[in-house]
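*Asks:* Protein chains in written order, with the numbering used here: chain Y, 1 to 202; chain Z, 203 to 404; chain E, 405 to 606; chain X, 607 to 808.
Protein chains: 4
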Amino acid sequence: MSRTAASRAGGAGPPTDGPRDRQAILAATLDALGEHGYARMTVEGVATRAGVHKATLYRWWASKGSLVGWALGAGLSTGPVADTGSTRDDLVTWLRGTIDNYTSTPAESALPALLSDLASEPGTLEGFRRSFLDARRANCAATVTRGIERGDIPADVDVGLVMDVLAGTVFYRQLVSGEPMDAALAERLVDLVLTGQIPRVA
Amino acid sequence: MSRTAASRAGGAGPPTDGPRDRQAILAATLDALGEHGYARMTVEGVATRAGVHKATLYRWWASKGSLVGWALGAGLSTGPVADTGSTRDDLVTWLRGTIDNYTSTPAESALPALLSDLASEPGTLEGFRRSFLDARRANCAATVTRGIERGDIPADVDVGLVMDVLAGTVFYRQLVSGEPMDAALAERLVDLVLTGQIPRVA
Amino acid sequence: MSRTAASRAGGAGPPTDGPRDRQAILAATLDALGEHGYARMTVEGVATRAGVHKATLYRWWASKGSLVGWALGAGLSTGPVADTGSTRDDLVTWLRGTIDNYTSTPAESALPALLSDLASEPGTLEGFRRSFLDARRANCAATVTRGIERGDIPADVDVGLVMDVLAGTVFYRQLVSGEPMDAALAERLVDLVLTGQIPRVA
Amino acid sequence: MSRTAASRAGGAGPPTDGPRDRQAILAATLDALGEHGYARMTVEGVATRAGVHKATLYRWWASKGSLVGWALGAGLSTGPVADTGSTRDDLVTWLRGTIDNYTSTPAESALPALLSDLASEPGTLEGFRRSFLDARRANCAATVTRGIERGDIPADVDVGLVMDVLAGTVFYRQLVSGEPMDAALAERLVDLVLTGQIPRVA
DNA sequence: ATTTAAACGAGACGGTACGTCGCGTCTTTGT
DNA sequence: ACAAAGACGCGACGTACCGTCTCGTTTAAAT
Numbered sequence: 001m002s003r004t005a006a007s008r009a010g011g012a013g014p015p016t017d018g019p020r021d022r023q024a025i026l027a028a029t030l031d032a033l034g035e036h037g038y039a040r041m042t043v044e045g046v047a048t049r050a051g052v053h054k055a056t057l058y059r060w061w062a063s064k065g066s067l068v069g070w071a072l073g074a075g076l077s078t079g080p081v082a083d084t085g086s087t088r089d090d091l092v093t094w095l096r097g098t099i100d101n102y103t104s105t106p107a108e109s110a111l112p113a114l115l116s117d118l119a120s121e122p123g124t125l126e127g128f129r130r131s132f133l134d135a136r137r138a139n140c141a142a143t144v145t146r147g148i149e150r151g152d153i154p155a156d157v158d159v160g161l162v163m164d165v166l167a168g169t170v171f172y173r174q175l176v177s178g179e180p181m182d183a184a185l186a187e188r189l190v191d192l193v194l195t196g197q198i199p200r201v202a
Numbered sequence: 203m204s205r206t207a208a209s210r211a212g213g214a215g216p217p218t219d220g221p222r223d224r225q226a227i228l229a230a231t232l233d234a235l236g237e238h239g240y241a242r243m244t245v246e247g248v249a250t251r252a253g254v255h256k257a258t259l260y261r262w263w264a265s266k267g268s269l270v271g272w273a274l275g276a277g278l279s280t281g282p283v284a285d286t287g288s289t290r291d292d293l294v295t296w297l298r299g300t301i302d303n304y305t306s307t308p309a310e311s312a313l314p315a316l317l318s319d320l321a322s323e324p325g326t327l328e329g330f331r332r333s334f335l336d337a338r339r340a341n342c343a344a345t346v347t348r349g350i351e352r353g354d355i356p357a358d359v360d361v362g363l364v365m366d367v368l369a370g371t372v373f374y375r376q377l378v379s380g381e382p383m384d385a386a387l388a389e390r391l392v393d394l395v396l397t398g399q400i401p402r403v404a
Numbered sequence: 405m406s407r408t409a410a411s412r413a414g415g416a417g418p419p420t421d422g423p424r425d426r427q428a429i430l431a432a433t434l435d436a437l438g439e440h441g442y443a444r445m446t447v448e449g450v451a452t453r454a455g456v457h458k459a460t461l462y463r464w465w466a467s468k469g470s471l472v473g474w475a476l477g478a479g480l481s482t483g484p485v486a487d488t489g490s491t492r493d494d495l496v497t498w499l500r501g502t503i504d505n506y507t508s509t510p511a512e513s514a515l516p517a518l519l520s521d522l523a524s525e526p527g528t529l530e531g532f533r534r535s536f537l538d539a540r541r542a543n544c545a546a547t548v549t550r551g552i553e554r555g556d557i558p559a560d561v562d563v564g565l566v567m568d569v570l571a572g573t574v575f576y577r578q579l580v581s582g583e584p585m586d587a588a589l590a591e592r593l594v595d596l597v598l599t600g601q602i603p604r605v606a
Numbered sequence: 607m608s609r610t611a612a613s614r615a616g617g618a619g620p621p622t623d624g625p626r627d628r629q630a631i632l633a634a635t636l637d638a639l640g641e642h643g644y645a646r647m648t649v650e651g652v653a654t655r656a657g658v659h660k661a662t663l664y665r666w667w668a669s670k671g672s673l674v675g676w677a678l679g680a681g682l683s684t685g686p687v688a689d690t691g692s693t694r695d696d697l698v699t700w701l702r703g704t705i706d707n708y709t710s711t712p713a714e715s716a717l718p719a720l721l722s723d724l725a726s727e728p729g730t731l732e733g734f735r736r737s738f739l740d741a742r743r744a745n746c747a748a749t750v751t752r753g754i755e756r757g758d759i760p761a762d763v764d765v766g767l768v769m770d771v772l773a774g775t776v777f778y779r780q781l782v783s784g785e786p787m788d789a790a791l792a793e794r795l796v797d798l799v800l801t802g803q804i805p806r807v808a
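Written out as structure tokens, the structure reads:
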């Protein structure tokens, strides 16, 4: 009924007006995530580390899941990709950023447990997607669009699926198959979608 | 105390000799998974449903995670792919099976949380990969090998990466991006890796 | 900071000069007390009901306990007992008023919890006794004194104990034993202390 | 649905089969009560002191209130009054026990807050009355009955009211009026109800 | 009329304790 | 030897309410 409640209604998304110590909380959350992983980190631990009381966190986030969701969305690099003139290079740059996101300590194995937790708060899951993924996907889409304009990519390309191929392969490798993430991975995946070159063994 | 402990030492792997009510436990575990998801299902609930006592489960599995890991490995379809003579068709068939696995209720969002849980019991994670993934990946690899023999696929293809592209895209779409899983997805992905056709919008 | 602090120093007693909305606060406090009981009523609820901010309450009262203590003292009837010429009748009248006080919704079960709360703020408990009880006891004592002058009561009667017998029986019945408070109770108790008639069953 | 739930249904009453460390819990509860009072004692503190986990307490008692209610009922002396042949002496003995109960550290100011807390769990309040009061009142009633048989007390005496007068006066004095509890109090009250002697100042 | 000091509204916050949940362990008792 | 029954330790979760604090804004008395 107050503004607080209204700002929380969105779920995982960043509260429109947050607590006073936003920055400290963000840092503390990502730290805890990196140190202990999602399941073993505790809300109280985050509070202590941030110099804030647990109740304050629950005033602004509905659950542990939405706090972490917000932190990941707010804390991971998300800058747009510079236009170097080469569609391939730009996509590789973007994919490397994505790889960094998925292999950096905080997010690494946080995402799966997080997604699982958020599955029980349905609105929150969608909110997390919007705040975490959309910015990243928009950056990629922009790069692809430039590629289309240059004629490097057909105009009717299914951008969503391309992004799922690029990010999904990385994500799956990191979490499920556990195969190593070699340095050339980004190039090989971009070449696959761009020029149809089936990946070969190094 | 001897064989019990020994059989559990392996972690997530299937116990060398199991409890009496294996089938009921398997069914109960998958049911619970499908109904509540990994995080919200409870070991006690599984026990009750299986008409077994919780302690019995812990006698044979080291943790909730290893129980679920075993159930997924034992319960999801895993049959080898028939050789139809068409590499493309066989790969599509395999991928459709994978999609079914990832979109069927039990496994749907169980895998991420499971992987996260298993991450804290180090050996167990690897054990799960071996028991759950290897069979599926072997099937795919066999199909690819036949494709190589037929000359449809270059001999030095990076099979591991191909599998990550196929399965990873599906996995990511289901769990992270949340985009719909249309019927033609399997063909489009196989065509991408096989003939380099960039996916276009329908 | 000067007068405010000074006026609060007294504890449970009525502030020398109060907030603007005294009446609304009094009503809201007694209402809340009657509806939820002492333990379950909340200061914030009282504030809202009174159209006042919580901080205002804490500006004038040191604690929930002292607020309620003040409200009970200010809100319950406390008029002196008229002199009808009959000592018995006057005492019965007084005792009936006491019964009303203890059985009316607000005070009913508020007193015990209140006393318990006030026990931790030592001075406040005594302050509450002075402001709440003394007026009532003075009324009774006056009636007894008239009885002594009339020769109805021996001059060396222990007035304090008589009052404890009258009020205590009622209080205990209401709160502890839970036995019903029949209509003739006042007469029977007065007759007991006045003429030594042991109470008989109706 | 299990026996545990069934045994708790009664509310404040003693569980039919209790936790393993009943004695330690009883002692710890009464200790905590005596040291800190009802409001300031904590369930977790009781658990620690008893060498037990908080969850164990909540497994057997529905709330802090019912735990304390049980402890008071189980921990305070409740023995029957010996028959000395003198009705007056026996009643005095009984009343002295009651005074002890109400002035001993644990119960002293625990009862009011307890009663207030229990007011919100209605069944529990009644359960507490049954387990705490009934034994004591039965003892008194037995003594009165002997007095009737001896002809010391009229047969149609209202025993319930007599007990309320005796215990209520003591209770009220202790908690509300705060007047001192002198040594002769028991005799004076018994004489009041027995022989109609109005209490005089010492 | 204007200044000025106190009271007030708004609401975030620290703190304490509550009561809950589910995992995994252990003991007891059959079978 | 295994299994049923179920109490228990443990750790964390999320909630509630108290009482404090800061910051603007209103009110009302004093100049």
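Virtual Cβ for every residue (Gly too), placed ideally from N, Cα, C.
Treat the numbers as computed from the prediction; the structure is a model and nothing was measured.
Could you name each continuous alpha helix (DSSP H) segment of 4 residues or more that falls completely within the region 685–751 of chain X, going from the start of the chain to the end?
*Replies:* Segments of the alpha helix (DSSP H) lying fully in the region 685–751 of chain X: 693–709, 711–714, 716–725, 728–734.
*Asks:* Give me the Cβ distance between Y172 (chain Y) and F373 (chain Z), rounded to the nearest whole Å; I'm assuming they're in contact under 8 Å.
*Replies:* Here residue 172 (chain Y) is taken as the residue at index 172 of the first sequence, counted from 1. Here residue 373 (chain Z) is taken as the residue at index 171 of the second sequence, counted from 1. Contact holds; Cβ gap of about 5 Å.
*Asks:* Quick check on L781 (chain X) - is its C-beta less than 7 Å from some C-beta in chain E?
*Replies:* Taking the first residue of the fourth sequence as 1, we reach residue 781 (chain X) at position 175. Taking Cβ atoms only, chain E reaches closer than 7 Å to L781 (chain X), which makes this a yes.
*Asks:* Check V245 (chain Z) in the structure and name its three-state DSSP category.
*Replies:* Indexing the second sequence from 1 puts residue 245 (chain Z) at position 43. It is helical.
*Asks:* Tell me the DSSP bridge mates of V359 (chain Z)?
*Replies:* Taking the first residue of the second sequence as position 1, residue 359 (chain Z) is located at position 157. V359 (chain Z) pairs with Y:R200.
*Asks:* Hey, is the region 430–444 of chain E in contact with the region 492–499 of chain E, meaning 3+ C-beta pairs nearer than 8 Å?
*Replies:* Segments in contact, no.
*Asks:* Would you identify the three-state DSSP class for R188 (chain Y), choosing helix, strand or coil?
*Replies:* Start at 1 with the first residue of the first sequence, and residue 188 (chain Y) comes out as number 188. R188 (chain Y) falls in the helix class under three-state DSSP.
*Asks:* For G239 (chain Z), decide whether its Cβ has a neighbour in chain Y, counting only Cβ atoms nearer than 7 Å.
*Replies:* As a position in the second sequence, residue 239 (chain Z) is number 37, starting the count at 1. Answer yes: the Cβ-Cβ gap between G239 (chain Z) and chain Y drops below 7 Å somewhere.
*Asks:* Is it the case that the Cβ atoms of P516 (chain E) and S722 (chain X) are separated by a distance below 7 Å?
*Replies:* For the purposes of this step, residue 516 (chain E) is taken as the residue at position 112 of the third sequence. For the purposes of this step, residue 722 (chain X) is taken as the residue at position 116 of the fourth sequence. In this structure, S722 (chain X) lies closer than 7 Å to P516 (chain E) by Cβ.
*Asks:* The alpha helix (DSSP H) that contains S268 (chain Z), what's its start and end?
*Replies:* Against the second sequence, residue 268 (chain Z) aligns to sequence position 66. Where S268 (chain Z) is concerned, the enclosing alpha helix (DSSP H) stretches over 266–277.
*Asks:* Answer with yes or no whether the minimum CB distance from G616 (chain X) to chain E is below 7 Å.
*Replies:* The residue you call residue 616 (chain X) lines up with position 10 of the fourth sequence. Since pLDDT at G616 (chain X) reaches only 36, below the 50 mark, its modelled position is unreliable, and the value read off the structure follows with that caveat. Cβ-Cβ to chain E under 7 Å: no for G616 (chain X).
*Asks:* Check each residue of the region 370–397 of chain Z: if its Cβ is closer than 9 Å to any Cβ of chain Y, include it; give the result in chain order.
*Replies:* Hits within the stretch, in order: G370, T371, V372, F373, Y374, R375, L377, V378, S379, G380, E381, L387, R390, L391, L394, V395, L396, T397.
*Asks:* Suppose you measure from the CA of A431 (chain E) to the CA of A47 (chain Y); what does that come to, to the nearest Å?
*Replies:* Here residue 431 (chain E) refers to the residue found at position 27 of the third sequence. Here residue 47 (chain Y) refers to the residue found at position 47 of the first sequence. Their backbone Cα atoms lie some 40 Å apart in a straight line.
*Asks:* Which residues in chain Y have a C-beta closer than 8 Å to the C-beta of Q399 (chain Z)? List them in chain order.
*Replies:* Here residue 399 (chain Z) refers to the residue found at position 197 when the second sequence is read from its first residue. The answer, in chain order, is G196.
*Asks:* Assuming D21 (chain Y) and V52 (chain Y) form a contact by the criterion Cβ under 8 Å, report the distance between their Cβ atoms to the nearest whole angstrom.
*Replies:* Translated into positions along the first sequence, residue 21 (chain Y) becomes position 21. Translated into positions along the first sequence, residue 52 (chain Y) becomes position 52. 5 Å between Cβ atoms; contact.
*Asks:* Report yes or no: is there a C-beta of chain E within less than 7 Å of the C-beta of S672 (chain X)?
*Replies:* Position 66 of the fourth sequence, counting from 1, holds the residue named residue 672 (chain X). Not one chain E Cβ lies under 7 Å of S672 (chain X).
*Asks:* Let me know the secondary structure DSSP gives G236 (chain Z) once reduced to three states.
*Replies:* Here the question's residue 236 (chain Z) lines up with position 34 in the second sequence. Helix, per DSSP.
*Asks:* Are the beta-carbon atoms of R806 (chain X) and D560 (chain E) separated by less than 7 Å?
*Replies:* Looking up residue 806 (chain X) in the fourth sequence gives position 200. Looking up residue 560 (chain E) in the third sequence gives position 156. Yes, the pair counts as a contact, with Cβ atoms nearer than the cut-off.
*Asks:* Are V529 (chain E) and L518 (chain E) touching if we call contact CB-CB under 7 Å?
*Replies:* Start at 1 with the first residue of the third sequence, and residue 529 (chain E) comes out as number 125. Start at 1 with the first residue of the third sequence, and residue 518 (chain E) comes out as number 114. The residue asked about is misnamed: residue 529 (chain E) is Leu in this sequence, not Val. Cβ distance not < 7 Å, so L529 (chain E) and L518 (chain E) don't count as in contact.
*Asks:* Could you check whether the region 764–775 of chain X touches the region 576–589 of chain E, counting it as contact only if at least three pairs of C-beta atoms, one from each stretch, sit closer than 8 Å?
*Replies:* Output reads yes: the region 576–589 of chain E touches the region 764–775 of chain X.
*Asks:* Of the residues that make up the region 484–506 of chain E, which ones have a beta carbon closer than 7 Å to any beta carbon in chain X?
*Replies:* Going along the region 484–506 of chain E in chain order, one finds no residue with a Cβ nearer than 7 Å to chain X.
*Asks:* I'd like to know if S120 (chain Y) contacts chain Z, where contact means its C-beta is closer than 7 Å to some C-beta of that chain.
*Replies:* Locating residue 120 (chain Y) in the first sequence gives position 120, counting from the first residue. Yes, S120 (chain Y) counts as interfacial toward chain Z.
*Asks:* Please report the residue range of the alpha helix (DSSP H) in which R463 (chain E) lies.
*Replies:* Along the third sequence, read from residue 1 onward, the residue named residue 463 (chain E) stands at position 59. Its alpha helix (DSSP H) spans residues 458–464.
*Asks:* Does DSSP put G415 (chain E) in a helix, a strand or coil?
*Replies:* Position 11 of the third sequence, counted from the start, is the residue given in the question as residue 415 (chain E). At G415 (chain E), the pLDDT of 40 sits below 50, so the modelled position is not reliable; the number obtained from the coordinates is stated separately. G415 (chain E) falls in the coil class under three-state DSSP.
*Asks:* Could you give the distance in angstroms between the alpha-carbon of R146 (chain Y) and the alpha-carbon of A138 (chain Y)?
*Replies:* By one-based count along the first sequence, residue 146 (chain Y) stands at place 146. By one-based count along the first sequence, residue 138 (chain Y) stands at place 138. Looking at the two C-alpha atoms, the distance is approximately 12 Å.
*Asks:* Going by Cα to Cα distance, which pick from Z:G398, Z:W263, Z:E389 is closest to L297 (chain Z)?
*Replies:* Stepping through the second sequence from its first residue, residue 297 (chain Z) is reached at position 95. That would be Z:E389, whose Cα lies nearest to the Cα of L297 (chain Z).
*Asks:* Check this for me: beta carbons of R242 (chain Z) and S120 (chain Y), under 7 Å apart or not?
*Replies:* Here residue 242 (chain Z) corresponds to residue number 40 of the second sequence, with the count starting at 1. Here residue 120 (chain Y) corresponds to residue number 120 of the first sequence, with the count starting at 1. Yes, Cβ-Cβ distance for R242 (chain Z) and S120 (chain Y) is below 7 Å.
*Asks:* Which residues in chain E have a C-beta closer than 7 Å to the C-beta of D762 (chain X)? List them in chain order.
*Replies:* What you label residue 762 (chain X) is simply residue 156 of the fourth sequence in a count that begins at 1. The answer, in chain order, is R604, V605.
*Asks:* Contact criterion: CB-CB distance below 7 Å. Does S638 (chain X) meet it with respect to chain E?
*Replies:* By one-based count along the fourth sequence, residue 638 (chain X) stands at place 32. In the sequence on display, residue 638 (chain X) carries Ala and not Ser. Output row for A638 (chain X): interface = no.
*Asks:* For S672 (chain X), count neighbouring C-beta atoms within 10 Å of its own C-beta (all shown protein chains included) and say buried if the count is 16 or more, exposed if not.
*Replies:* The residue labelled residue 672 (chain X) in the question sits at position 66 within the fourth sequence. Per the 10 Å Cβ criterion, buried.
*Asks:* Please classify A407 (chain Z): does DSSP put it in a helix, a strand, or coil?
*Replies:* Here chain Z comprises residues numbered 203 to 404, so residue 407 (chain Z) is not present and cannot be evaluated.
*Asks:* Report yes or no: is there a C-beta of chain X within less than 7 Å of the C-beta of P520 (chain E)?
*Replies:* For the purposes of this step, residue 520 (chain E) is identified with residue 116 of the third sequence, where counting begins at 1. The sequence shown places Ser at residue 520 (chain E), rather than the Pro named in the question. Yes, contact with chain X.
*Asks:* Report the three-state DSSP secondary structure of R49 (chain Y) (helix, strand or coil).
*Replies:* Position 49 of the first sequence, counting from 1, holds the residue named residue 49 (chain Y). Three-state DSSP puts R49 (chain Y) in a helix.
*Asks:* V364 (chain Z) touches chain Y at which residues, Cβ-Cβ below 8 Å?
*Replies:* What you label residue 364 (chain Z) is simply residue 162 of the second sequence in a count that begins at 1. I198, P199, listed in chain order.
*Asks:* Got a sec? Which residues, its chain only, sit under 6 Å from A475 (chain E) by beta carbon, not counting five neighbours each side?
*Replies:* By 1-based counting over the third sequence, the position of residue 475 (chain E) is 71. Closer than 6 Å at Cβ, skipping near neighbours: L430, T433, L434.
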